[in-house]
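Below: the structure, in structure tokens.
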Amino acid sequence: MNSYAFTLAQHRASRLSTWVAAALMLPAGLGLLGSADAQSIRPGYNRDVIYQVFVDRFFDGTTTNNPSGDPLFDASGSNLQKYLGGDFQGLTAKMSYLQNMGVSAIWVTSPLDNRNLQALAGSVAPYHGYEMRDTLKPDEHFTTSSRSWQPFTDFVTAAHNAGIKVIVD
14 MNSYAFTLAQ
24 HRASRLSTWV
34 AAALMLPAGL
44 GLLGSADAQS
54 IRPGYNRDVI
64 YQVFVDRFFD
74 GTTTNNPSGD
84 PLFDASGSNL
94 QKYLGGDFQG
104 LTAKMSYLQN
114 MGVSAIWVTS
124 PLDNRNLQAL
134 AGSVAPYHGY
144 EMRDTLKPDE
154 HFTTSSRSWQ
164 PFTDFVTAAH
174 NAGIKVIVD
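To convert a position in the sequence shown, counted from 1, into the working numbering, add 13.
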């Protein structure tokens with residue numbers, strides 16, 4: 014019985030030392046000990062100046078995607094419950110403005126196709142991007158009439174060229 018108790022104690026000590034070694038190695042593996050190499054490969058959002066953008070509310074870069082006669086769109090910009098015309102082209106056009114403000118990451122609302130229905134509570138358009146209908150298409154209010162992803166791709170490329178990260182909600 015003594016030999017069994019001794020072996021069990023050895024086994025427990027061995028397992029404990031394995032856990033202690035793993036716990037000591039974990040921070041190094043995660044880059045938490047501050048090595049330059051570990052710091053350079055982490056995304057670094059903890060130090061970024063993140064600017065959240067409601068695409069429709071930022072800047073109208075082209076009027077070609079502003080639907081005339083659409084009950085969800087307000088060309089005058091006075092009805093804040095409707096689409097107002099902001100688009101990916103507007104984000105691209107204002108990249109230097111964002112860069113000059115010190116923005117290092119842009120958090121954009123969903124670029125995906127939204128339902129073209131007025132909300133049940135009244136005549137509120139889903140300009141915020143959170144009533145997705147099709148996860149494969151961009152919202153027609155933010156892109157071109159052909160519903161191309163190219164304006165979004167151009168925006169992301171311009172942001173990256175300016176040293177700005179893009180976070181998609």
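A virtual CB, placed ideally from N, CA and C, is assigned to each residue, including glycine.
Only a predicted model underlies this, so the values are computations on that prediction, with no experimental measurement involved.
Which residues bound the beta strand (DSSP E) around residue i?
i	result
residue 127	125–127
residue 151	145–151
residue 116	Taken as a continuous stretch (DSSP letters only), residue 116 belongs to no beta strand (DSSP E), as it is neither H nor E.
Between residue i and residue j, what straight-line distance do the alpha-carbon atoms span, to the nearest angstrom?
i	j	result
residue 114	residue 151	28 Å
residue 41	residue 111	Residue confidence for residue 41 is low, a pLDDT of 47 falling below 50, so the modelled location carries little weight and cannot support an answer.
residue 83	residue 129	10 Å
residue 163	residue 102	10 Å
residue 127	residue 59	31 Å
residue 5	residue 137	Residue 5 is absent from the structure shown; the chain starts at 14 and stops at 182.
residue 90	residue 125	22 Å
residue 98	residue 70	7 Å
residue 75	residue 86	14 Å
residue 165	residue 88	22 Å
residue 155	residue 61	26 Å
residue 170	residue 142	21 Å
residue 145	residue 173	26 Å
residue 92	residue 179	29 Å
residue 182	residue 63	13 Å
residue 57	residue 80	40 Å
Return the bridge partner residues of residue i from the DSSP annotation.
i	result
residue 86	96
residue 65	120
residue 179	119
What are the start and end residues of the alpha helix (DSSP H) that includes residue i?
i	result
residue 110	108–113
residue 165	163–174
Return the residue from the list the options that minimises the CA-CA distance to residue i.
i	options	result
residue 175	146, 107, 162	107
residue 168	80, 120, 143, 88	120
residue 161	144, 78, 96, 62	78
residue 158	100, 139, 64, 66	100
residue 65	170, 177, 171, 118	118
residue 95	171, 172, 145, 140	140
residue 68	123, 80, 93	123
Return no unless some Cβ of chain B is closer than 8 Å to the Cβ of residue i.
i	result
residue 137	Judged by its chain identifiers, the structure shown contains no chain B, having just a single protein chain.
- prompt: Do three or more CB pairs link the segment 143–150 to the segment 97–107 at distances below 8 Å?
  reply: no
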